[in-house]
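K.L.:
Chains A and B, in that order, are what the protein sequence lines are.
End of the first sequence sits at 428 in UniProt numbering; the numbers just go up one at a time, nothing left out.
End of the second sequence sits at 428 in UniProt numbering; the numbers just go up one at a time, nothing left out.
One structure, pasted below without further comment.
Protein chains: 2
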Amino acid sequence: MTSPLRLGIAGIGTVGVGVIRIVQRHADLLAARCGRPIQITAVSARDRSRDRGVRLGEYAWEDDAVALARRDDVDVFVELIGGDDGPAKAAVEAAIAAGKDVVTANKALLAHHGQALAEAAEGAGGVLRFEAAVAGGIPCIKVLTESLAGNEITRVMGVMNGTCNYILTRMESAGLTYDAVFQEASDLGYLEADPTLDVGGIDAGHKLALLASIAFGTKVDFGAVKLEGIERISIDDINRAADMGFRVKLLGVAQMTGRGLEARMQPCLVPAASPLGQLEGPMNMVVLEGDSVGQIVLRGAGAGEGPTASAVMSDVVEIARGQRLPTFGQPASGLATPRPAEANTPAPYYLRMVLKDRPGALAKIAACLGAEGISIDRMRQYDHAEGSAPVLIVTHKAMRSGLDAAIAAMAGTDVLESEPVALRIEDV
Amino acid sequence: MTSPLRLGIAGIGTVGVGVIRIVQRHADLLAARCGRPIQITAVSARDRSRDRGVRLGEYAWEDDAVALARRDDVDVFVELIGGDDGPAKAAVEAAIAAGKDVVTANKALLAHHGQALAEAAEGAGGVLRFEAAVAGGIPCIKVLTESLAGNEITRVMGVMNGTCNYILTRMESAGLTYDAVFQEASDLGYLEADPTLDVGGIDAGHKLALLASIAFGTKVDFGAVKLEGIERISIDDINRAADMGFRVKLLGVAQMTGRGLEARMQPCLVPAASPLGQLEGPMNMVVLEGDSVGQIVLRGAGAGEGPTASAVMSDVVEIARGQRLPTFGQPASGLATPRPAEANTPAPYYLRMVLKDRPGALAKIAACLGAEGISIDRMRQYDHAEGSAPVLIVTHKAMRSGLDAAIAAMAGTDVLESEPVALRIEDV
Numbered sequence: 001m002t003s004p005l006r007l008g009i010a011g012i013g014t015v016g017v018g019v020i021r022i023v024q025r026h027a028d029l030l031a032a033r034c035g036r037p038i039q040i041t042a043v044s045a046r047d048r049s050r051d052r053g054v055r056l057g058e059y060a061w062e063d064d065a066v067a068l069a070r071r072d073d074v075d076v077f078v079e080l081i082g083g084d085d086g087p088a089k090a091a092v093e094a095a096i097a098a099g100k101d102v103v104t105a106n107k108a109l110l111a112h113h114g115q116a117l118a119e120a121a122e123g124a125g126g127v128l129r130f131e132a133a134v135a136g137g138i139p140c141i142k143v144l145t146e147s148l149a150g151n152e153i154t155r156v157m158g159v160m161n162g163t164c165n166y167i168l169t170r171m172e173s174a175g176l177t178y179d180a181v182f183q184e185a186s187d188l189g190y191l192e193a194d195p196t197l198d199v200g201g202i203d204a205g206h207k208l209a210l211l212a213s214i215a216f217g218t219k220v221d222f223g224a225v226k227l228e229g230i231e232r233i234s235i236d237d238i239n240r241a242a243d244m245g246f247r248v249k250l251l252g253v254a255q256m257t258g259r260g261l262e263a264r265m266q267p268c269l270v271p272a273a274s275p276l277g278q279l280e281g282p283m284n285m286v287v288l289e290g291d292s293v294g295q296i297v298l299r300g301a302g303a304g305e306g307p308t309a310s311a312v313m314s315d316v317v318e319i320a321r322g323q324r325l326p327t328f329g330q331p332a333s334g335l336a337t338p339r340p341a342e343a344n345t346p347a348p349y350y351l352r353m354v355l356k357d358r359p360g361a362l363a364k365i366a367a368c369l370g371a372e373g374i375s376i377d378r379m380r381q382y383d384h385a386e387g388s389a390p391v392l393i394v395t396h397k398a399m400r401s402g403l404d405a406a407i408a409a410m411a412g413t414d415v416l417e418s419e420p421v422a423l424r425i426e427d428v
Numbered sequence: 001m002t003s004p005l006r007l008g009i010a011g012i013g014t015v016g017v018g019v020i021r022i023v024q025r026h027a028d029l030l031a032a033r034c035g036r037p038i039q040i041t042a043v044s045a046r047d048r049s050r051d052r053g054v055r056l057g058e059y060a061w062e063d064d065a066v067a068l069a070r071r072d073d074v075d076v077f078v079e080l081i082g083g084d085d086g087p088a089k090a091a092v093e094a095a096i097a098a099g100k101d102v103v104t105a106n107k108a109l110l111a112h113h114g115q116a117l118a119e120a121a122e123g124a125g126g127v128l129r130f131e132a133a134v135a136g137g138i139p140c141i142k143v144l145t146e147s148l149a150g151n152e153i154t155r156v157m158g159v160m161n162g163t164c165n166y167i168l169t170r171m172e173s174a175g176l177t178y179d180a181v182f183q184e185a186s187d188l189g190y191l192e193a194d195p196t197l198d199v200g201g202i203d204a205g206h207k208l209a210l211l212a213s214i215a216f217g218t219k220v221d222f223g224a225v226k227l228e229g230i231e232r233i234s235i236d237d238i239n240r241a242a243d244m245g246f247r248v249k250l251l252g253v254a255q256m257t258g259r260g261l262e263a264r265m266q267p268c269l270v271p272a273a274s275p276l277g278q279l280e281g282p283m284n285m286v287v288l289e290g291d292s293v294g295q296i297v298l299r300g301a302g303a304g305e306g307p308t309a310s311a312v313m314s315d316v317v318e319i320a321r322g323q324r325l326p327t328f329g330q331p332a333s334g335l336a337t338p339r340p341a342e343a344n345t346p347a348p349y350y351l352r353m354v355l356k357d358r359p360g361a362l363a364k365i366a367a368c369l370g371a372e373g374i375s376i377d378r379m380r381q382y383d384h385a386e387g388s389a390p391v392l393i394v395t396h397k398a399m400r401s402g403l404d405a406a407i408a409a410m411a412g413t414d415v416l417e418s419e420p421v422a423l424r425i426e427d428v
């Protein structure tokens with residue numbers, strides 16, 4: 001197998017340019033490692049005239065990604081267009097139908113259509129790989145699918161949106177409000193065109209849905225991921241969590257419980273001294289737990305030209321070397337339909353609220369918790385002014401359903417100034 | 001390809017038992033993930049009568065590992081005997097000659113004979129895999145060989161001997177001397193029969209030599225790894241490093257320089273807040289750096305039944321799935337002969353010494369450094385008694401060769417109470 005592997009690259013943005021640079025710069029290295037050359041034969045993008053700082057003249061150009069996907073001189077269709085529908089989906093479908101292998105960095109596409117695309121690819125004898133779709137340069141798809149294949153996976157966790165991690169760690173280090181750092185992130189170009197994809201947890205939720213599918217042998221079910229964004233995290237939360245030895249992270253957790261598959265992407269408190277707690281800036285971290293291996297922690301850049309292109313090339317090299325794995329580690333047609341479970345494994349909770357400064361207010365709150373069988377581990381009332389009292393409560397282990405009932409009951413007591421913020425304290 | 005993959009397991013110690021447990025417990029999971037069953041057909045060990053807490057009656061027994069390696073009903077020979085020579089080597093050679101694939105956890109064997117064994121295996125059309133040989137459950141071989149295959153690797157680093165990391169972190173947390181914690185580790189059964197393999201850096205050096213071969217496409221050359229153990233690290237070093245925001249780690253570093261391949265396994269100072277600095281107890285960490293991906297950090301258990309067996313199974317699953325990679329990521333016959341370079345990339349150094357308490361002593365030491373062009377960043381003289389003065393110096397960036405010359409010159413000044421301890425401060 002020494003014939004060249006021929007790539008068609010659709011989408012020449014940041015990541016596409018990165019892939020082209022690697023193929024051009026490391027032609028010899030790649031040929032030595034793969035036992036055959038890797039070539040780009042054709043590319044497509046919306047704007048042919050734009051200077052992208054990389055040589056494109058030697059490649060055939062297609063205006064239409066679908067036409068690129070069908071070219072006879074393309075073995076592997078590399079989809080770097082993005083978006084969960086439209087041209088990316090049409091082109092990937094066309095590539096599969098034409099018997100091509102597909103490599104994509106598109107988490108939204110796979111979170112919504114991964115099951116159908118994987119079944120189509122496997123039915124056509126093609127492979128569909130997506131290392132770059134989850135956590136950028138971190139090789140979590142390969143590690144989970146291959147390195148931990150001898151394990152029953154017990155839990156997967158991850159900080160998988162670098163922008164959110166940047167915002168949360170920058171709030172703490174600079175003592176800035178959420179709004180101020182959000183603006184900063186926007187000015188730095190860190191945010192998606194629709195920032196809800198980042199700060200609403202949607203982008204990271206897509207990634208968690210893909211990891212959960214491999215981990216638990218279930219069909220991708222993005223709708224089953226409980227999503228909660230970081231928009232309500234205040235500098236007070238950051239500071240008070242830090243006082244108690246915690247950091248706030250937008251953390252995804254998926255685990256199989258007796259009740260079904262629990263998957264949630266939400267702001268959580270983690271110990272400041274843990275690997276997750278130590279993660280600063282726009283970095284990503286994926287934590288994989290298996291019954292034999294224990295805990296494996298993977299840390300790296302979750303975005304950017306080089307890291308994401310490195311992950312794309314990992315899939316390309318895999319195909320060049322003749323490794324042909326099912327998309328989610330076992331045949332897609334045999335994946336189980338997940339039974340989504342309420343996110344309700346017991347955990348301690350952090351509860352921040354502002355009470356009206358009147359006698360008996362705290363007692364009423366405590367009674368609401370007590371009525372749901374939730375006991376209080378620690379409670380602090382902070383300095384206050386203007387008739388309102390900030391209160392912080394850390395509960396003992398509680399069910400989220402009980403906590404939500406207690407919070408609903410609190411709303412009826414007329415002692416709350418605003419809706420309480422409740423954050424799970426994750427055992428990492 | 002739905003016929004069972006048949007394993008013959010030689011060596012039924014901790015790891016062998018772990019592998020057998022996984023194959024028995026996860027038969028269905030493995031069959032789903034591999035597309036075919038994984039079976040054990042035969043085993044061998046020295047003592048047939050010992051109760052190992054696992055069912056063995058269903059497997060054929062061989063007293064001789066070489067006989068096991070040649071059995072017709074074995075597809076993959078799993079070598080878990082250990083040792084760089086003797087029965088492990090003979091059996092692996094026999095398995096290769098008989099056309100079997102081989103999975104081994106034996107770093108000593110591969111560090112000494114990996115090149116010859118890889119060439120033999122590849123010549124015979126077999127594969128030889130060794131994920132479990134480096135850093136236990138951490139999937140560093142697969143990540144380096146496959147996930148980072150699009151990168152020129154610029155540096156690999158690792159804390160890869162859990163016993164040494166246990167000793168160094170326990171000295172700090174408990175304030176105990178090296179000798180006291182060494183005894184503790186011995187009592188806990190953490191030490192090899194010959195403890196020099198651990199504390200002398202040999203075991204970790206074997207692992208670094210294997211990583212370097214994959215990273216830089218060079219033949220395994222254990223002799224080129226500069227080894228320095230942790231035996232001379234005192235509780236004073238631990239405490240003084242901590243005072244300055246550092247931790248002492250037995251750290252392996254391999255990097256390609258203009259002078260050749262630099263590989264060293266030695267105690268180093270790393271920032272206490274870095275992932276390497278944060279690594280506690282018997283854990284392992286591997287840090288891989290590539291020109292596109294940047295830095296990838298992998299953390300997990302470096303030893304033990306479950307983690308090591310998980311890594312063995314990763315290789316077994318790879319073979320079951322039909323993935324057939326060259327041992328070191330490209331054909332062994334084409335690996336370059338490394339040009340070993342002196343470990344001489346510039347770095348700041350930590351220098352601890354005890355001076356005779358007499359006028360001008362410090363000036364003489366400073367003069368020795370100055371004569372080699374080494375400037376001093378920080379210097380502290382500690383409280384002293386009985387006519388001797390503990391002194392700590394942190395240099396600006398210096399070459400190790402210059403530092404060694406300065407230390408040799410110091411010996412001629414007659415102001416040293418004992419030989420100085422010099423530790424590189426690694427930029428991690």
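Virtual Cβ for every residue (Gly too), placed ideally from N, Cα, C.
By Cβ distance, which residues of its chain are closer than 6 Å to residue 174 of chain B, with the 5 residues on each side in sequence left out?
P.N.:
So the list is empty, once near-sequence residues are dropped.
K.L.:
Could you tell me whether the region 350 to 361 of chain A touches the region 149 to 169 of chain A, using the rule of 3 or more Cβ pairs below 8 Å?
P.N.:
Flag = no, the region 350 to 361 of chain A and the region 149 to 169 of chain A do not touch.
K.L.:
Contact defined as beta carbons within less than 8 Å: I believe residue 252 of chain B pairs with residue 283 of chain B. What is the distance between those atoms, to the nearest angstrom?
P.N.:
Incorrect: roughly 15 Å between the Cβ atoms, too far for contact.
K.L.:
Can you look up residue 284 of chain B in the DSSP assignment and give me helix, strand or coil?
P.N.:
Three-state result, residue 284 of chain B: strand.
K.L.:
Throw me the rounded Cβ distance for the residue 130 of chain B and residue 214 of chain B pair, which I believe falls under 8 Å.
P.N.:
About 10 Å separates the two Cβ atoms, so there is no contact after all.
K.L.:
Taking 8 Å as the threshold, find out whether the region 263 to 270 of chain B comes into contact with the region 285 to 304 of chain B through three or more Cβ pairs.
P.N.:
Touching, no.
K.L.:
Fully enclosed by the region 27 to 69 of chain B, which beta strand (DSSP E) runs are 3 residues long or longer?
P.N.:
Entirely contained in the region 27 to 69 of chain B, the beta strand (DSSP E) runs reaching 3 residues are, in chain order, 38 to 44, 60 to 62.
K.L.:
Name, please, each residue of chain A whose Cβ falls closer than 7 Å to the Cβ of residue 22 of chain B.
P.N.:
Going along chain A in sequence order, the residues near residue 22 of chain B (Cβ under 7 Å) are 150, 292.
K.L.:
Quick check on residue 135 of chain B - is its C-beta less than 7 Å from some C-beta in chain A?
P.N.:
For residue 135 of chain B, the answer is no, since every Cβ of chain A falls outside 7 Å of its Cβ.
K.L.:
So residue 348 of chain B and residue 421 of chain B are supposed to be a Cβ contact under 8 Å. How far apart are they, rounded?
P.N.:
Not a contact, Cβ separation roughly 15 Å.
K.L.:
Using a threshold of 7 Å, state whether the C-beta atoms of residue 279 of chain B and residue 428 of chain B are closer than that.
P.N.:
Not in contact: residue 279 of chain B and residue 428 of chain B (Cβ atoms no closer than 7 Å).
K.L.:
If you reduce the DSSP assignment to three classes, tell me which class residue 19 of chain A lands in.
P.N.:
Residue 19 of chain A falls in the helix class under three-state DSSP.
K.L.:
Taking 6 Å as the limit between beta carbons, can you name the residues of its chain near residue 235 of chain A, skipping five residues before and five after?
P.N.:
Excluding sequence neighbours, residue 235 of chain A sits near 171, 177.
K.L.:
Residue 352 of chain A CB to nearest chain B CB: under 7 Å?
P.N.:
It does not: the Cβ of residue 352 of chain A has no partner Cβ on chain B nearer than 7 Å.
K.L.:
Compute the distance between the beta-carbons of residue 209 of chain A and residue 220 of chain A, then report whether it is under 7 Å.
P.N.:
Their beta carbons are under 7 Å apart, which means residue 209 of chain A touches residue 220 of chain A by this criterion.
K.L.:
Would you grab the beta carbon distance between residue 124 of chain B and residue 99 of chain B for me? Rounded to a whole angstrom, and I think it's under 8 Å.
P.N.:
Rounded, the Cβ-Cβ distance is 6 Å, consistent with contact.
K.L.:
What separation, rounded to the nearest whole angstrom, lies between the Cα atoms of residue 88 of chain B and residue 82 of chain B?
P.N.:
Cα-Cα distance, rounded: 6 Å.
K.L.:
Whether or not the region 97 to 114 of chain B and the region 137 to 145 of chain B are in contact is what I'm after, with contact meaning three or more pairs of Cβ atoms, one per stretch, closer than 8 Å; do they touch?
P.N.:
Contact between the region 137 to 145 of chain B and the region 97 to 114 of chain B is absent, because fewer than three Cβ pairs lie under 8 Å.
K.L.:
Where are the beta strand (DSSP E) runs, 3 residues long or more, that stay fully inside the region 361 to 391 of chain A, in chain order?
P.N.:
Qualifying beta strand (DSSP E) stretches, in chain order: 376 to 381.
K.L.:
How is residue 214 of chain B classed by DSSP in three states: helix, strand or coil?
P.N.:
Of the three classes helix, strand and coil, the one that applies to residue 214 of chain B here is helix, per DSSP.
K.L.:
Going by the DSSP bridge assignment, what does residue 268 of chain B pair with across the sheet?
P.N.:
Looking at the DSSP assignment, residue 268 of chain B forms a beta bridge with B:249, B:424.
K.L.:
Is the beta carbon of residue 355 of chain B less than 7 Å from the beta carbon of residue 391 of chain B?
P.N.:
In this structure, residue 391 of chain B lies closer than 7 Å to residue 355 of chain B by Cβ.
K.L.:
Could you tell me whether the region 5 to 18 of chain A touches the region 301 to 316 of chain B, where touching means 3 or more Cβ pairs closer than 8 Å?
P.N.:
Verdict: no, contact absent.
K.L.:
Distance check for residue 118 of chain A and residue 23 of chain A, CA to CA, integer angstroms please.
P.N.:
C-alpha separation (whole angstroms): 26 Å.
K.L.:
According to DSSP, is residue 295 of chain B helix, strand or coil?
P.N.:
Correct three-state label for residue 295 of chain B: strand.
K.L.:
Say whether chain B places a C-beta atom closer than 7 Å to the C-beta of residue 139 of chain A.
P.N.:
At least one chain B Cβ lies under 7 Å of residue 139 of chain A.
K.L.:
Taking the C-alpha atoms as reference points, what is the distance between residue 299 of chain B and residue 352 of chain B?
P.N.:
Using only the alpha carbons, I get a separation of about 31 Å.
K.L.:
For residue 247 of chain A, which option in A:259, A:270, A:260 has the closest C-alpha, if you only look at C-alpha atoms?
P.N.:
Per the Cα distances, A:270.
K.L.:
Does the separation of the CB atoms of residue 429 of chain B and residue 336 of chain B fall below 7 Å?
P.N.:
Limits of chain B in this structure are 1 at one end and 428 at the other, which puts residue 429 of chain B out of reach.
K.L.:
Can you check which of these residues, B:143, B:103, B:109, is closest to residue 126 of chain B by C-alpha distance?
P.N.:
When only C-alpha atoms are compared, the closest one is B:103.
K.L.:
Taking DSSP as the reference, what is the three-state secondary structure of residue 429 of chain B?
P.N.:
For chain B, the structure presents residues 1 to 428; residue 429 of chain B sits outside this window and is missing.
K.L.:
Helix, strand or coil for residue 413 of chain B? Go by DSSP, reduced to three states.
P.N.:
Three-state result, residue 413 of chain B: coil.
K.L.:
In chain order, what residues of the same chain have a beta carbon less than 6 Å from the beta carbon of residue 231 of chain A, not counting five sequence neighbours either side?
P.N.:
Excluding residues within five positions, the ones whose Cβ falls inside 6 Å are 199.
K.L.:
Using the beta-carbon of each residue, which ones in chain B are nearer than 8 Å to residue 318 of chain A?
P.N.:
Those within 8 Å of residue 318 of chain A in chain B are 146.
K.L.:
Excluding the five sequence neighbours on either side, which residues of its own chain have a C-beta within less than 8 Å of the C-beta of residue 406 of chain B, listed in chain order?
P.N.:
Excluding sequence neighbours, residue 406 of chain B sits near 368, 369, 371, 372, 374.
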